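Protein chains in written order, with the numbering used here: chain A, 82 to 232; chain B, 54 to 191.
Here is the structure we will look at.
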Amino acid sequence: MNDLFAAIITHYDADPLAVSLTGMYNTEAPQEAVFPYGVFSLVSNVPDWTFSENFENCLLQFNIFSDKISPVEICALYDLLKGDVGVGTGFDFLDLPITDYEAISLVRENAILLRVENIWQYTVTYRILLRETGEAAKALTVGMYNLLGLL
Amino acid sequence: MAKIKDNSKAIIAESDRLIKQKLEIAALMVERTAKLPGYCPVLTGTARRSIISNWYGAKGTRSIEWSESTQIINGKKVHVKAGETSIDPQSVKRAVIGSNVEYFPYIELGTSKMPARAPLRRALETNQNRIRRLFGVR
Numbered sequence: 082m083n084d085l086f087a088a089i090i091t092h093y094d095a096d097p098l099a100v101s102l103t104g105m106y107n108t109e110a111p112q113e114a115v116f117p118y119g120v121f122s123l124v125s126n127v128p129d130w131t132f133s134e135n136f137e138n139c140l141l142q143f144n145i146f147s148d149k150i151s152p153v154e155i156c157a158l159y160d161l162l163k164g165d166v167g168v169g170t171g172f173d174f175l176d177l178p179i180t181d182y183e184a185i186s187l188v189r190e191n192a193i194l195l196r197v198e199n200i201w202q203y204t205v206t207y208r209i210l211l212r213e214t215g216e217a218a219k220a221l222t223v224g225m226y227n228l229l230g231l232l
Numbered sequence: 054m055a056k057i058k059d060n061s062k063a064i065i066a067e068s069d070r071l072i073k074q075k076l077e078i079a080a081l082m083v084e085r086t087a088k089l090p091g092y093c094p095v096l097t098g099t100a101r102r103s104i105i106s107n108w109y110g111a112k113g114t115r116s117i118e119w120s121e122s123t124q125i126i127n128g129k130k131v132h133v134k135a136g137e138t139s140i141d142p143q144s145v146k147r148a149v150i151g152s153n154v155e156y157f158p159y160i161e162l163g164t165s166k167m168p169a170r171a172p173l174r175r176a177l178e179t180n181q182n183r184i185r186r187l188f189g190v191r
């Protein structure tokens with residue numbers, strides 16, 4: 082999953098969202114993080130397969146935080162996070178380039194706006210379906226044929 | 054003259070029984086997984102103890118509503134308070150796994166001071182393939 086994290090950070094660094102946030106942290110932000118900032122975390126990663134293909138079914142959560150009184154900033158950040166599919170910004174339907182994997186879909190499942198201790202928080206969850214295309218995928222196919230006694 | 058016997062009621066009743074049974078199994082699988090070590094953080098154990106499931110056709114104390122809501126049951130608007138026995142638990146074919154602890158959403162979603170632990174979503178994801186097989190979906 083290191084490749085997935087690297088792909089997310091690479092995309093974020095080149096995205097307009099990076100200009101508006103002070104940082105995007107993996108799983109946990111440091112104590113000294115300056116608002117507004119974002120955190121992404123891998124909620125789950127379930128392997129799935131067919132006879133010839135190997136998939137990874139992941140749930141990825143983005144949290145964006147703002148300490149402003151008004152929700153204007155947090156809503157603008159949420160719009161940037163979603164991005165524009167036509168232009169290729171943001172994360173909605175993003176084709177993440179990951180080594181040995183092909184991103185089949187990156188679909189926003191839900192978004193929840195909360196205000197916790199005077200901090201606006203947008204929790205946005207994405208479902209990612211990755212198809213393995215590298216050497217591991219070939220090994221899986223050979224393994225399946227072996228299992229069936231075909232090789 | 055041949056007689057035609059209508060068994061549609063028996064078929065519907067049997068399918069309903071299977072749905073109830075499978076929803077109960079699915080709900081309990083997710084509830085049990087969410088309570089396993091590593092899923093829900095434990096300090097006093099209150100959050101972990103509070104995880105409970107409710108499903109279509111559940112009987113007794115489990116047949117409760119999670120939050121205050123207005124439901125439309127048989128075409129009528131019915132207001133149900135949190136913790137009350139659902140007026141018609143038979144009305145919706147669903148299973149719900151949740152908690153009535155006030156801070157549970159923060160454990161599930163995280164805050165600016167705490168990372169998300171997501172015990173319920175992780176438990177559901179862990180069991181998703183088993184639940185699909187249970188309902189005959191590959």
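Cβ coordinates follow ideal geometry from the N, Cα and C atoms, glycine included.
Since the model is a prediction, treat every value here as computed from it, not as a measurement.
Assignment of beta-bridge partners to methionine 105 (chain A) by DSSP yields A:Gly119.
If you ignore the 5 residues before and after valine 100 (chain A), its C-beta comes within less than 8 angstroms of no other C-beta in its own chain. Membership of arginine 196 (chain A) in any alpha helix (DSSP H) is not indicated; the residue belongs instead to the beta strand (DSSP E) covering 182-197. Partner residues in a beta bridge of threonine 131 (chain A), as assigned by DSSP, do not exist. Excluding the 5 residues flanking it on each side, threonine 99 (chain B) has same chain C-beta neighbours closer than 8 angstroms at Val154, in chain order. Within the segment 151-166 of chain B, the residues whose Cβ lies closer than 7 angstroms to some Cβ of chain A are Tyr159, Leu162, Gly163, Thr164 and Ser165, listed in chain order. Relative to the Cα of tyrosine 182 (chain A), the nearest Cα in the group A:Gly164, A:Val188, A:Glu198 and A:Asn138 belongs to A:Asn138. The continuous beta strand (DSSP E) containing asparagine 107 (chain B) extends over residues 105-108. Counting only residues of its own chain and dropping the five nearest sequence neighbours on each side, isoleucine 209 (chain A) has a CB closer than 6 angstroms to the CB of Cys139, Leu141 and Leu187. When only Cα atoms are considered, tyrosine 106 (chain A) and valine 120 (chain A) end up about 5 angstroms apart. Separation of lysine 58 (chain B) and alanine 148 (chain B) (C-alpha to C-alpha, rounded to the nearest whole angstrom) is 34 angstroms.
In this structure leucine 173 (chain B) is in contact with isoleucine 150 (chain B), their Cβ atoms being roughly 6 angstroms apart against a cut-off of 8 angstroms. Your pair isoleucine 104 (chain B) and serine 165 (chain B) does not check out as a contact, with CB atoms roughly 24 angstroms apart and the cut at 8 angstroms. In this structure, DSSP gives isoleucine 64 (chain B) a helical state, which the three-state scheme calls helix. Per the coordinates, the alpha-carbon of asparagine 144 (chain A) lies some 36 angstroms from the alpha-carbon of serine 133 (chain A). Contact check for aspartate 173 (chain A) and valine 166 (chain A): beta-carbon distance about 6 angstroms, within the 8 angstroms limit, so the pair qualifies. Among the residues of chain A, those whose CB is under 8 angstroms from the CB of asparagine 182 (chain B) are Val127 and Asp129, following chain order. Sequence-distant Cβ neighbours of glycine 163 (chain B) in its own chain, meaning closer than 6 angstroms and more than five residues away, are Ala169. A Cβ-Cβ distance of about 35 angstroms is found for the pair aspartate 94 (chain A) and asparagine 182 (chain B), leaving them out of contact under the 8 angstroms criterion. Flagged as an interface residue toward chain B: leucine 140 (chain A), by a C-beta distance shorter than 8 angstroms.
Listed along chain B, no residue sits closer than 9 angstroms to threonine 180 (chain A) by beta-carbon distance, the nearest being about 24 angstroms off. The Cβ of glutamate 84 (chain B) sits no closer than 8 angstroms to any Cβ of chain A.
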